[in-house]
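Asks: Convert by adding 681 to the 1-based position in the sequence shown; the result is the number in the working numbering. Ideal Cβ placement from N, Cα and C applies to all residues, glycine included. Quick one: the structure is below, and I'll ask about it shortly.
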Amino acid sequence: MAAHGSSATADELLSSPWDVVVIGGGNAALASAMSAHDQGARVLVLERSDVTFRGGNSRHTRNIRCVHNSADAYNTGAYTFDELWKDLCSVGSGPSDEELADLTVRESESVTGWMAERGALFQPPLAGTLHLGRTNRFFLGGGKALLNNYYRTLRKRQIPVVYEATVEELVFDGDRCTELVVNHAGRRHSLRAAAVIAAAGGFEGNIEWLAKYWGDAARNFHIRGPRHNDGLILRALLDAGARTAGEERGFHAVAVDARSPKFDGGIATRLDCIPFGVVLNNRQERFYDEGQDIWPKRYAIWGRNISQQPDQIAYCFWDSKVQGQFLPPMYGVYSAPTIEGVASQMGTDPARSAATIAQYNAGVPEGAPQRFNPAHLDALATTGVTPPKTNWAQRLDSPPYYGIAMRPGITFTYMGVGVDRQARVQREDGSAFANVFAAGEIMSGNILSSGYMAGFGMTIGTVWGRIAGKEAAQNALR
């Protein structure tokens, strides 16, 4: 399928002028397209992928984190502005731009209702170790179902989508984008739009670009999303003089199964065993507090943690007491009657691994199994062990033992283009492009610094997609 939502051919769509052209096919792009259409604009969406894999990283999402002031059918309790703001400030080094972060949090309160009006479906809250039933709302069927519903809405509104359309060049005349050079089916098209929205993701799929900041370590990174997120549009904007926002080395990265695909493994490869286990690097050393905080606030530090270890690999061990307390790994686990047996299966030194875990066990307080509480921070901490484990510390002493090898799984990069409150892309000279806007990962560095909270990427994409679409449409129709 080359085009969607229109009886016109792709060639016809790419030869027509448009009020607003949206580059990208994920959550931020579709939110932008619908928002621009709400203003009466003629909108075209360009998706680099084919129809099967449309949607970029949004395909792999499950939930969104937004302000709400009471419990409802989809959340177990209130999650106020003050609490979400405090949570955002507590991850990493806090918001990159407090004004834009404040706007994001405030606007999030109306997001889920807006989504539902455009086809989004939600499910009752989940219980268990995810700790997200109160703070986050889960999509019925996950991110791919959300996108499918949005694409149906685009079809109903007759907003066309051209698939396998690569924007190879943005042509500027001063501060205005006058043309998009689009490659489709081997042919280059000159596409004109009154306003352009860049919602094409970050550069995490570009290993060479990552290696500029991470060196050879980047060769061992796994990319959770598609190869298409290679920063092509980000590079075009930077080359045109866009101001950068966010840290060059900043990214959302989690621990993923070392056996997972190099690209596009998605959420299924993420590992949730760390808080209840013990993590060693390939020198059989512990290197970080596994029990630092509730998992949704801290899981995204583990990709960075592992990326900073020798050979960018780590090994998590746990025992039968906690087996079944977290989501099982997609590819199964290693298991043996001894720590040495598990370590040997994973390819790390058996004797040294067992010695480190014995040292850890010696620092666990007496009576730990009776005090252990997987649902809350339980202050069950080690003593005399470096680094300490500050919560959920139990001895590994109940066979069989389990383990899994982990790599850094990069979800998206934070360095992108600077924007203002209207989502206009800013230039290095302090001005703004006249007709170029941005939403989603490509501008997330304005909000996020080095930390992350589960579901907040979808919040950024939806909030800023709404803003970018409205502002781009109004700009085009003036």
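1) Give, in chain order, every unbroken run of the beta strand (DSSP E) that is at least 3 residues long and sits entirely within the segment 947 to 1031.
2) Would you check if the segment 1078 to 1086 and the segment 1022 to 1029 touch, i.e. whether three or more CB-CB distances between them fall below 8 Å?
3) Taking the beta carbon of aspartate 1000 as the centre, do at least 16 other beta carbons fall within 10 Å, making it buried, or is it exposed?
4) Which partner residues does threonine 847 have in the DSSP bridge list?
5) How would you label alanine 880, buried or exposed, when you count the other beta carbons within 10 angstroms and need 16 or more for buried?
6) Run the CB neighbour count on threonine 810, radius 10 Å, all protein chains shown included, and call it buried at 16 or more, exposed below.
7) Going residue by residue through the segment 763 to 832, where are the continuous alpha helix (DSSP H) segments of at least 4 residues, counting only ones entirely within it?
8) Which residue marks the beginning of the beta strand (DSSP E) containing methionine 938, and which one marks its end?
9) Using the C-alpha atoms, what's the distance from alanine 874 back to glycine 867?
10) Considering only C-alpha positions, which residue in the set Val702, Ser1016, Ser1034 is nearest to proline 841?
11) Nearest to valine 1098 by CA position, among Ala759, Asp753, Ala917, Arg869, is which residue?
12) What distance in whole Å lies between the Cβ atoms of leucine 695 and valine 863, which are believed to be in contact at a cut-off of 8 Å?
13) Taking Cβ positions, are isoleucine 745 and glycine 1126 nearer each other than 8 Å?
14) Leucine 891 lies in the alpha helix (DSSP H); which residues open and close that run?
15) Going by the CB atoms, is the gap between arginine 900 and glycine 946 shorter than 8 Å?
16) Please name the residue in Gln965, Ala1149, Asn1072 whose C-alpha comes closest to that of glutamate 1021.
17) Go ahead and label aspartate 970 buried or exposed: buried means 16 or more other beta carbons lie within 10 angstroms of its beta carbon, across all protein chains shown.
18) Rounded to whole angstroms, what's the CA-CA distance from glycine 1142 to leucine 915? Just pull it up for me.
19) If distances are taken between C-alpha atoms only, which option among Ala1153, Ala1157, Tyr1095, Ile1148 comes closest to isoleucine 1128?
20) Quick check on DSSP: helix, strand or coil for asparagine 1054?
21) Can you tell me whether glutamate 1109 is buried or exposed, with buried defined as 16 or more other CB within 10 angstroms of its CB?
22) Helix or strand or just coil, what does DSSP make of valine 732?
23) Could you tell me which residues DSSP pairs with glutamine 1107 in its beta bridges?
24) With respect to the alpha helix (DSSP H) encompassing threonine 1140, which residues constitute its N-terminal and C-terminal limits?
25) Quick one: Cα of phenylalanine 1007 to Cα of aspartate 953, how far?
26) The alpha helix (DSSP H) spanning asparagine 708 covers which residue range?
27) With a cut-off of 8 Å, do at least 3 Cβ pairs link the segment 768 to 781 to the segment 937 to 946?
28) As a quick exercise: from Ala923, Arg723, Tyr755, pick the residue whose alpha carbon is nearest that of glycine 814.
29) Output the distance between the C-alpha atoms of glutamate 693 and alanine 801, rounded to the nearest integer angstrom.
30) According to the neighbour-count rule (16 or more other Cβ atoms, all chains shown, within 10 Å of its Cβ), is threonine 834 buried or exposed?
Replies: On the basis of the supplied data:
1) 959 to 962, 995 to 1000, 1015 to 1017
2) Touching, yes.
3) buried
4) Asn864
5) Its Cβ being crowded by 16 or more others within 10 Å, alanine 880 is buried.
6) Note on threonine 810: pLDDT 46, under 50, position unreliable in the model; no value is reported.
7) Entirely contained in the segment 763 to 832, the alpha helix (DSSP H) runs reaching 4 residues are, in chain order, 779 to 788, 792 to 798.
8) Note on residue identity: the sequence assigns aspartate, not methionine, to residue 938. For aspartate 938, the uninterrupted beta strand (DSSP E) run begins and ends at 932 to 938, by DSSP.
9) For glycine 867 and alanine 874, the distance between alpha carbons rounds to 21 Å.
10) Val702
11) Out of Ala759, Asp753, Ala917, Arg869, Ala917 has the C-alpha closest to the C-alpha of valine 1098.
12) 6 Å
13) Contact: no.
14) 888 to 895
15) no
16) Gln965
17) buried
18) One Cα belongs to glycine 1142, the other to leucine 915, and the distance between them is close to 16 Å.
19) Tyr1095
20) coil
21) exposed
22) coil
23) Ala1113
24) In this chain, the alpha helix (DSSP H) harbouring threonine 1140 covers 1137 to 1158.
25) When the Cα atoms are used, phenylalanine 1007 and aspartate 953 turn out to be separated by approximately 6 Å.
26) For asparagine 708, the uninterrupted alpha helix (DSSP H) segment begins and ends at 708 to 719.
27) no
28) Tyr755
29) Counting only the Cα atoms, alanine 801 lies some 30 Å from glutamate 693.
30) buried
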